[in-house]
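Asks:
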Amino acid sequence: MSALVMVRYGEIALKGKNRGQFEQQLHRNLKDAVKDLSGKVERMHGRFMVSGPDSNLEHMLDRLSRVFGIVSVSPVTEVPLDINAIKQAAIGAVGKRRGNKNSFKIAARRANKNFPYESPELNRVLGECLLEAYPYLTVSLREPDFALAVEIGYSNAYIYLEQIPGPGGLPLGITGRSLLLLSGGIDSPAAGWLAMKRGLNLEALHFHSFPFTSTRSREKVIELSRKLAVYGRKIPLHMISVTEIQKELRSKCPDELGVILLRRIMLRLAERLSEKRGITSLITGENLGQVASQTLESIAVVSKATGLLILRPLIGFDKGEIIEIARKIDTYDTSILPYQDCCTVFVPKSPVTKPKIAVVERYEENLEMEKLLSDAFSTLETEVVRR
Amino acid sequence: MTYIYLDNSATTAPYPEVIRLTSAVMKEIYGNPSSMHSLGVAAEKTIAKARRRIASVIGVRDKEIIFTSGGTEANNLAIIGSARRNRNRGNHLITSQTEHPSVLNCCRQLEKEGFRVSYIPVDKKGVVNPETLGKLIGEETILVSIMHVNNEIGTIEPLTEIGNIVKERNRSTILHIDAVQSFTKVPVKFRQWQADLISFSSHKIHGPRGAGCLWIREGLLLEPVIYGGGQEKNLRSGTENTAAIAGFGLAAELSARANVENDGFLISLKLSFLEELKKSGLDFHINGPDPEVGAPHILNLAFPGLNAEVLLHSLEAKGLYVSAGSACHSKHPEPSHVLSAIGLDHKLLTGSLRFSFSGMNRTVEIKKAAIITADTASELYKMF
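Put into structure tokens, the structure is as follows:
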């Protein structure tokens, strides 16, 4: 048996001249989302229709409802443009519905004006037919327990009961590619997801302090990348060791500047990687004022280390709001696993909150920066994480 | 990379003979032991043989052995099964603060069901005081659950004294012993302890995961915790894990034999590890019992001021696998309940590691492990 899913998209329909390009990208992304489930995607005036084996329906709905650009999806029954066929399908759909609440309405929409029944008439005819088939049902136009939607198209009619919300946003890849600085924490995956929602394809970069941090903390970052890849298909995850840099900073620089110096070095490493990967922007989970390294002054001094555009999708969010996103995208429970990460192994006792660029630069002069960077960069490993 | 595995209290490598037997059973004896045809009978016989093997290693009758999915389930059946069965007799249970979570959390669950539980403290070496325990026993006390060997620090509990005082105060109080860590390493003297229930696990003795058993003194009745098709005398429903049970039986036999033939080997590993570590002049502290007194295969050491997780990973990088005595994180320290119960101070609590040995370790690798530990810890002392 074959199942059919109607896919609706929103914002992209409003984008004027770019519409064609957006639809093509969305079409590609949808195909990609259901390819391994034997799903097929067709374009149909302002909608997409996805068909596939009935045994994969739940799985397809799950995948489709995570494709950026999608407003909602509905499993539908497709019938010929014949009133008896439509009635039968309506009876069948209502008979199989979830739940046992009994007030309903019909929401008919006639796109094909050649169909002999106008929408209000269709509502009445189908309503009567359902009341006859299921005498315990009642009609409620104001607050129905369920609504049966009927769409009259040009070659077929579609009947459905449910609309499952999609994530909205723009099709992944439409706005380009960016490098996410992915720690093990709560914020960076949420920042990555928000960037993806605006159409950015992601690569991720993680800094670790092997051997002080473990295989588990590495698996944790891979798992976080996988959770993000669910919204796309794959994320190349780059990993660089900063252990030697941390040791060097510890021996040559004041404890309280450690975090700032390390972060500036991380940005320089990110810049190197970006050049290699043809990427021109970074995404961070930075958020004003949460910790010492995220005061306005600290962020400013850190940013000066690179000329790359840095996007900070979380800058205006409260911690509670970030946690809400992390829960929604299912990264929260992974993020709070208590493994050491590169920022918790060496924790300064009192980090500066208002660093001065001149002071920071003076300490950097004492470091063999070029050697530190290229040594660290030589530890680069990349793993492509798939959903 | 060759590595040295000193995390044998977490789990052990299965014996090659056990792997062979387990896979042969999976391949050839896949029938359901409850099926009436010959494939079912073959499976039933396989389980019966494993039951005989384990019973004879412990020295009990095979019909007193109930197979479970492991030590945790055996503890659940023992504690929850006795409490629910004897609700009409009383509602009081006693256990110690350093028990395994599978005992402590059963007790916490029973508290929610209206039972009263006393969690008795231990001394600095992790030992339960039988007198203290005895004073708590009353008419209402239906169960006392104490472990034989502590899994984190290797304390051997004075079970003979505990058994004496329990049975003296209340003859009908059930005595449950968790022998998961001690089985085949420290003699399980069920008669001398006057025990009624003892839990065992397969994967701590080089057997497969997914098997364990509860010894139930003949005549003692329990309420099941898993309901279904009535397998294992109605006490543990669910189709038997034939392959794992067969492997458990063989592992018990092999492991018991090895520890008799090489009597003193485990303690010699522990003492030579310690000796080597002392030679290096490293600053460390032994948690729990004196090394000669505790279980032969468990050694818990504190490295003051170091972070256990950082040390553990640094050892791992050099091919030495151990356990952190406490799962901790600089932001969310959750110190081990055992180390807290023996009153270790914070500086030691967060820097403790457990080294646990097995008959599969070799004396040369133990010396090497001690040198790696000494070198790594002194490097870290300089850095942090």
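Protein chains in written order, with numbering that gives the first Met the number 0: chain A, 0 to 386; chain B, 0 to 383. We put the beta carbon where it would ideally sit given N, CA and C, even for glycine. Note that the structure is a prediction, hence the values are computed from the model and not measured.
Bridge partners of B/Y4, per DSSP?
Replies: B/Y320
Asks: Is the shortest distance between the beta-carbon of B/M382 and the beta-carbons of chain A less than 8 Å?
Replies: yes
Asks: Beta-carbon within less than 8 Å of A/N200's beta-carbon, same chain only, minus the 5 sequence neighbours each way: which residues are those?
Replies: L171, G172, G175, R176, S177, G231
Asks: Would you be able to state if there are at least three C-beta pairs under 8 Å between the segment 360-374 of chain B and the segment 1-8 of chain B?
Replies: yes
Asks: Unbroken beta strand (DSSP E) runs of length 3 or more, entirely within the segment 50-80 of chain A: which are they?
Replies: 69-78
Asks: How would you label B/I155, buried or exposed, when you count the other beta carbons within 10 angstroms and need 16 or more for buried?
Replies: buried
Asks: Provide the residue span of the alpha helix (DSSP H) that contains B/G451, from first to last.
Replies: This structure does not reach residue 451 of chain B, given that chain B is present from 0 up to 383, and the question cannot be answered.
Asks: Would a C-beta distance cut-off of 8 Å place A/L147 and A/L181 closer than the cut-off?
Replies: no
Asks: Using the C-alpha atoms, what's the distance from B/G125 back to A/Y331?
Replies: 37 Å
Asks: Please report the straight-line C-alpha distance between A/Y135 and A/V33, rounded to a whole angstrom.
Replies: 39 Å
Asks: If we call anything under 8 Å between Cβ atoms a contact, is B/E222 one with B/R84?
Replies: It is a contact, given that the beta carbons lie within the stated cut-off.
Asks: Just the chain B side, please: which residues come within less than 9 Å of A/K353 by C-beta, in chain order?
Replies: Under the 9 Å cutoff, chain B gives no residues; its nearest Cβ is about 24 Å from A/K353.
Asks: How many Å lie between B/Q230 and B/A42 at the Cα?
Replies: 13 Å
Asks: Given a threshold of 16 other Cβ atoms within 10 Å of its Cβ, counted over all protein chains shown, does A/E131 qualify as buried or as exposed?
Replies: exposed
Asks: Should A/S118 be flagged as near chain B, meaning a C-beta pair shorter than 8 Å?
Replies: Not closer than 8 Å to any Cβ of chain B, the Cβ of A/S118 fails to qualify, so no.
Asks: When you compare the CB positions of B/I64 and B/R50, do they come within less than 8 Å of one another, or not?
Replies: With respect to the 8 Å criterion, B/I64 and B/R50 are classified as neighbours on the basis of their beta carbons.
Asks: If you follow the beta strand (DSSP E) that A/M368 is part of, which residue opens it and which one closes it?
Replies: From DSSP, A/M368 is part of no beta strand (DSSP E) but of the alpha helix (DSSP H) over 368-376.
Asks: Of all the beta strand (DSSP E) runs that stay within the bounds of the segment 52-121 of chain B, which reach a length of 3 or more residues?
Replies: 64-67, 91-95, 115-119
Asks: Inspect the CB distances between the segment 134-149 of chain B and the segment 343-351 of chain B and report whether three or more fall short of 8 Å.
Replies: no
Asks: Can you confirm whether B/V309, when its beta carbon is compared against all beta carbons of chain A, has any partner nearer than 8 Å?
Replies: yes
Asks: Considering only residues of the same chain and omitting the five flanking positions on each side of B/I225, which have a CB-CB separation below 7 Å?
Replies: R235, S236, G237
Asks: Short of 6 Å in beta carbon distance, which residues of its chain neighbour A/S64, apart from the five on each side in sequence? Order them along the chain.
Replies: V72, I163, G165
Asks: Buried or exposed for B/R52, please, with buried defined as at least 16 other CB atoms from any protein chain shown within 10 angstroms of its CB.
Replies: buried
Asks: Under a CB-based cut-off of 8 Å, is B/S325 close to chain A?
Replies: Any reading at B/S325 needs caution, since the residue's pLDDT is 48, under 50, leaving its predicted position unreliable; the model's value is listed next. No, B/S325 lies away from the interface with chain A (no Cβ there is under 8 Å from its Cβ).
Asks: Could you check the C-alpha separation between B/E315 and A/E218 for me, to the nearest Å?
Replies: 16 Å
Asks: Per DSSP, what are the beta-bridge partners of B/M146 in this structure?
Replies: B/D177
Asks: Taking B/V187 and B/A178 to be in contact with their CB atoms under 8 Å, please state how far apart those CB atoms are, rounded to whole angstroms.
Replies: 5 Å
Asks: Roughly how far, in whole angstroms, is the beta-carbon of A/E77 from the beta-carbon of A/N155, given that I think they are within contact range, below 8 Å?
Replies: Confirmed, Cβ separation roughly 5 Å.
Asks: For A/K233, which three-state DSSP category applies?
Replies: strand
Asks: Just to confirm my understanding: we take B/P295, look at its own chain, exclude 5 residues before and 5 after, and list those with CB closer than 7 Å. What are they?
Replies: K184, L265, I266, K269
Asks: I need the DSSP call for A/L178, collapsed to helix, strand or coil.
Replies: strand
Asks: If the criterion is Cβ atoms closer than 8 Å, does the pair B/E151 and B/L305 meet it?
Replies: Not in contact: B/E151 and B/L305 (Cβ atoms no closer than 8 Å).
Asks: Helix, strand or coil, according to DSSP, for A/H44 in the structure here?
Replies: A/H44: coil per DSSP, three-state reduction.
Asks: How is the beta strand (DSSP E) around A/F206 delimited, first residue to last?
Replies: 199-207
Asks: Strictly below 8 Å CB to CB, what residues from chain B border A/K246?
Replies: Here the neighbours are M382.
Asks: Under 8 Å, Cβ to Cβ, is there at least one residue of chain B near A/T333?
Replies: no
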